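As structure tokens, the structure follows; a few thoughts come after it.
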Amino acid sequence: MRPALILLSCALLSACTEPAAAPPDDLRARQEAACTATIAAHIHRPTTEITARWISQTGGIAKVETRDGNRLHLCDVDASGRVLGYTHPGA
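Read in my numbering, the sequence shown has 124 at position 53, and its numbers run on one by one without any break.
Quick look at the structure:
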């Protein structure tokens, strides 16, 4: 009986612990999605018409490239997935 109680206690404790930090790829996907949503709202087009590509990160701020057709947009996105701003290079 005691081993069952110990296992039950361990299971309950593990359910209460915080999840592990998101892997970098998940963070990149969230940053790409945030940039895509922001640019879609900016150009009044659906997100399905926009492609996104995570480019780099400096000082905790990611640079994400989005394209709608031939137009290029660059977003600065923080680790929480908030778009800090965007530019139109070459425009």
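Yeah, the Cβ is synthetic: ideal placement off N, Cα and C, and Gly gets one too.
Every value quoted in this text rests on a predicted model; they were computed, and no experiment measured them.
| field | arginine 116 in three-state terms, based on DSSP | value | Your numbering for residue 116 matches position 45 in the sequence shown. Arginine 116: coil per DSSP, three-state reduction.
| field | isoleucine 126 and glutamate 136 closer than 8 Å at C-beta | value | Reading the sequence shown from its first residue, position 55 is the one you call residue 126. Reading the sequence shown from its first residue, position 65 is the one you call residue 136. In this structure, glutamate 136 lies closer than 8 Å to isoleucine 126 by Cβ.
| message | By DSSP's criteria, leucine 143 is part of a beta bridge. Which residues make up the other side? | response | By 1-based counting over the sequence shown, the position of residue 143 is 72. Leucine 143 is bridged by DSSP to Arg138.
| task | Please state whether DSSP places arginine 153 in a helix, a strand or coil. | result | Here the question's residue 153 lines up with position 82 in the sequence shown. In this structure, arginine 153 counts as coil in the three-state DSSP scheme.
| field | Range covered by the beta strand (DSSP E) that runs through alanine 162 | value | One-based indexing of the sequence shown puts residue 162 at position 91. Counting along the chain, alanine 162 falls outside any beta strand (DSSP E), and DSSP gives it neither H nor E.
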